[in-house]
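Engineer: This is the structure I have questions about; it appears just below.
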Amino acid sequence: MTSTHSISPELTSILEKAADFHGHLGPFLVIGVRAGLVGLNRVGITKGDTLVVTASVPIRIPFSCILDGLQISTNCTIGNQRLSVRNSDEIQVTFERKGNGRKVVVALNRSTFSKLKSQLLQENLSDREVRELAWKVASMPKDMLFIST
Ligand SMILES: [Zn+2]
1 MTSTHSISPE
11 LTSILEKAAD
21 FHGHLGPFLV
31 IGVRAGLVGL
41 NRVGITKGDT
51 LVVTASVPIR
61 IPFSCILDGL
71 QISTNCTIGN
81 QRLSVRNSDE
91 IQVTFERKGN
101 GRKVVVALNR
111 STFSKLKSQL
121 LQENLSDREV
131 RELAWKVASM
141 PKDMLFIST
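Be aware that the sequence shown starts at 1, since it is given in our numbering, and climbs by one per residue.
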């Protein structure tokens, strides 16, 4: 599949950082990075200790890869205790800004999620195909990827 939506140099650079941290580049890592960026943008901050993130995801691979993407893009980590994780069948991330109480929920679009799930859970998917899926997710318009409220 080709896409006309381009990937910004900023996103490319953060994805490289995320892949290096995580060990590989896959679509759910990209979803984590992009959900983090959307959340930061919506709560109106870049990075900083006023943000707390709650991630609801299925806690198994490949879905849990999202958590590393979120940690890289938001600096809210398990270690600094600004990331909490909940096991869930759906994927949804809450961003809460301490101080003004501003709260944003970014949920992965259900039909995108089920399409990706069926593509990824195919057997014999090569590393190259997984990376291709990752770039496809990276180039998807964010309104197609997420529903944010
Ligand atoms: Zn992964």
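Positions of the beta carbon are idealized from the N, C-alpha and C atoms, including for glycine. It should be emphasised that the depicted structure is a prediction, and the values quoted were computed from it without experimental measurement.
Excluding five sequence neighbours on each side, which residues of the same chain lie with their C-beta closer than 7 Å to the C-beta of ILE45?
Structural biologist: Correct list, in chain order: LEU51, ARG97.
Engineer: How would you write the range of the alpha helix (DSSP H) that ILE72 sits in, first residue to last?
Structural biologist: Element bounds for ILE72: 65-74.
Engineer: The beta strand (DSSP E) spanning ARG86 covers which residue range?
Structural biologist: Counting along the chain, the beta strand (DSSP E) containing ARG86 begins and ends at 83-87.
Engineer: In whole angstroms, what separates the C-alpha of GLN71 from that of ARG102?
Structural biologist: Looking at the two C-alpha atoms, the distance is approximately 20 Å.
Engineer: To the nearest angstrom, report how far apart VAL116 and PHE28 are at their CA atoms.
Structural biologist: Strictly speaking, residue 116 in this sequence is Leu, with Val absent from that position. Approximately 9 Å, taken between the alpha carbons.
Engineer: Under the assumption that GLY69 contacts ALA18 (Cβ atoms under 8 Å), give the Cβ distance between them as a whole number of angstroms.
Structural biologist: That belief holds up - the Cβ atoms of GLY69 and ALA18 are roughly 5 Å apart, short of 8 Å.
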